[in-house]
Amino acid sequence: MSQQNQILDVNETIAKSEAFIAKYKKILILSAVAIAAVVALGVGAVYYLNAQNEKAQAEIALGQKYFVTGEWDKALKGDGATFKGYEKIASDYAFTDAANIAHLYVGLSYFNKGEYKKAIEHLEAFSPKGDASISPNALAALANAYVAEKQLDKAVSYFKKAADKADNPALSPLYLIQAGEILESQNKKEEANKIYTKIKTDYPTSQYSMVNDQNGAVVGAEIDKYIQRTQ
């Protein structure tokens with residue numbers, strides 16, 4: 003495939019925000035489940051929930067089973083029995099750490115329901131902290147919601163923020179790739195090239211930057227293809 007055709011393919015894909023969302027939605031859903039697991043285990047939860055929020059923390063835990071299994075309406079509105087729903091938790095504990103986490107769950111739930119404006123509202127209300135797992139995923143989810151609403155400049159900005167917040171070879175290149183692809187769709191090749199070059203330079207051990215060996219043959223790093231087509 004020629005370099006020009008590669009660029010056209012990228013443009014045709016990103017021009018339809020639904021296609022972009024579909025491309026990365028599985029990763030985003032897995033990230034959402036990971037967020038629930040991290041909070042449930044207390045790993046990094048110190049940034050979000052303190053001893054004064056024990057009651058709220060217990061209420062948040064009640065809804066995680068609905069979140070993990072993709073029962074978004076119950077996660078949002080409650081089950082009519084023991085769990086009141088993350089929207090109500092966000093309202094009842096306004097301006098607390100518990101409300102902050104609840105906004106994240108609400109935003110991710112609405113995203114997965116395809117209600118992107120509501121997702122943006124709650125993901126914007128979520129305040130990232132100093133962790134390297136929950137916050138980057140939240141910022142990336144917000145970026146994807148902006149893609150769905152065709153607010154591409156904001157999407158690029160939040161993908162970059164997610165990459166900076168994660169600052170690791172597993173997540174940061176993934177977020178930067180998404181930012182670069184959006185820039186390509188806007189014909190901002192120079193900006194996209196800078197991002198792809200950053201991936202190769204700053205994250206040489208990432209899956210995108212590593213040289214591969216397939217059946218004894220050396221295959222160039224995947225990121226080189228991105229760099230080449232934006233030169």
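So for the sequence shown, the working numbering puts the first residue at 3; every next one is plus one.
Built from N, CA and C at the ideal position, the CB exists for glycine as well.
Predicted, not measured: the structure shown is a model, and the values here were computed from it.
(1) Starting from Ala181, follow the alpha helix (DSSP H) in both directions and report where the run begins and ends.
(2) Please classify Tyr160: does DSSP put it in a helix, a strand, or coil?
(3) Does the Cβ-Cβ distance between Ala157 and Tyr177 come in under 7 Å?
(4) When the distance is taken between beta carbons, is Ala168 closer than 7 Å to Ala134?
(5) Would you identify the three-state DSSP class for Ser95, choosing helix, strand or coil?
(6) Considering just the uninterrupted stretch of the alpha helix (DSSP H) at Pro138, what are its terminal residues?
(7) Just verifying my parser: in three-state terms, what is the DSSP assignment at Gln126?
(8) Identify which residue in Ala143, Ile62, Leu173, Gly87 has its Cα closest to the Cα of Glu117.
(9) What residues in its chain sit with their C-beta under 7 Å from that of Glu193, if we drop five residues either side in the sequence?
(10) In its own chain, which residues sit with a C-beta less than 7 Å from the C-beta of Gly109, not counting the 5 before and 5 after it?
(11) Would you mind stating whether Phe85 and Leu64 have Cβ atoms separated by less than 7 Å?
(12) Would you give the residue range spanned by the alpha helix (DSSP H) that Asp204 belongs to?
(13) Is the beta carbon of Gly222 less than 7 Å from the beta carbon of Tyr198?
(14) Cα separation between Ile212 and Pro206?
(15) Starting from Asp75, follow the alpha helix (DSSP H) in both directions and report where the run begins and ends.
(16) Quick one: Cα of Gln66 to Cα of Gln233, how far?
(17) Is the beta carbon of Ala150 sitting closer than 7 Å to the one on Ser111?
(18) Can you find the residues in the same chain that come closer than 8 Å, C-beta to C-beta, to Gln200, ignoring five residues on each side of it along the sequence?
(19) Buried or exposed for Lys162, going by 16 or more other Cβ atoms inside 10 Å?
(20) Taking the C-alpha atoms as reference points, what is the distance between Gly44 and Ile136?
(21) With a threshold of 16 other CB atoms inside 10 Å of the CB of Gly80, please say whether the residue is buried or exposed.
(22) Give the straight-line distance between the Cα atoms of Ile62 and Asn146, rounded to the nearest whole angstrom.
Taking the coordinates as given:
(1) 174-187
(2) Residue state, collapsed to three classes: helix.
(3) Their beta carbons are not under 7 Å apart, which means Ala157 does not touch Tyr177 by this criterion.
(4) yes
(5) The displayed chain sequence assigns Tyr, not Ser, to residue 95. The answer is coil: DSSP assigns Tyr95 none of H, G, I, E or B.
(6) 136-150
(7) Rather than Gln, the amino acid found at residue 126 in this sequence is Glu. Helix, per DSSP.
(8) Ala143
(9) Leu185
(10) Same-chain partners within the cutoff: Ala121, His124, Leu125, Phe128, Ala143.
(11) yes
(12) 191-204
(13) no
(14) One point to set straight first is that residue 212 is Met, not Ile, in the sequence displayed. Computed Cα separation, rounded: 6 Å.
(15) Looking at the DSSP string, the run of the alpha helix (DSSP H) that includes Asp75 is 74-79.
(16) 46 Å
(17) Not in contact: Ala150 and Ser111 (Cβ atoms no closer than 7 Å).
(18) Looking at the sequence itself, residue 200 is Lys, so the reference to Gln does not match. Answer for Lys200: Leu178, listed in chain order.
(19) buried
(20) Here the model assigns Gly44 a pLDDT of 47, short of 50, so the residue's position is not dependable, and the following value carries that caveat. Approximately 12 Å, taken between the alpha carbons.
(21) buried
(22) Rounded to the nearest whole angstrom, the CA to CA distance from Ile62 to Asn146 is 24 Å.
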